[in-house]
Amino acid sequence: MADDSGFLTVFVHVHDKVFPIAAGDGSQRVKWLGHVAIARWDEEHNQGWRRLGIPTNIEAVEGGFEVELNSVIKDVLQNNEHIVVRTSLDPAETR
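Counting along the sequence shown from 1, when you hit position 71 you're at 71 in the working numbering, and nothing is skipped either side.
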């Protein structure tokens, strides 16, 4: 559900970092949040996928339930909700 301005923000946890991601009206897929957070994980070049790969699983922090990757953001997440993205690669193994 979007905030009063009609925009949705989701806090995405990826390994050791947390990113607030503005999701606009929330019409994108949940997988998109994972890809954006993975890219931002590499704060210098926005190429986090080189060390983290792709999102493989997303869970809500509160409640710990799995969020389907192909779900529409606004249908399954609330404004300011926190989610955790699991990735196909471990950054400790890809240095």
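Just so you know, even glycine gets a beta-carbon here, dropped at the ideal spot from N, CA and C.
Small disclaimer: the values here were computed from a predicted structure and weren't measured.
Beta-carbon proximity list for residue i, same chain, < 7 Å, skipping 5 on both sides
i: Ala37; result: Val12, Val14, Phe19, Ile21, Val85
Member of the options whose CA lies at the smallest distance from the CA of residue i
i: Ala39; options: Arg51, Leu77, Glu62; result: Arg51
i: Pro55; options: Arg29, Gly34, Gly24, Gly6; result: Gly34
For residue i, the first and last residue of its enclosing beta strand (DSSP E)
i: Arg86; result: 81–87
i: Val30; result: No beta strand (DSSP E) holds Val30; the alpha helix (DSSP H) holding it covers 30–41.
Own chain residues within Cβ distance below 6 Å of residue i, not counting five before or after
i: Leu89; result: Leu52, Gly53
Sheet register partners of residue i (DSSP bridge)
i: Ala22; result: Thr9
i: Glu66; result: Glu59
i: Val72; result: Arg29
Beta-carbon proximity list for residue i, same chain, < 8 Å, skipping 5 on both sides
i: Ser71; result: Arg29, Val30
i: Asn46; result: Ala39, Arg40
Boundaries of the alpha helix (DSSP H) in which residue i is found, first to last residue
i: Leu52; result: 49–52
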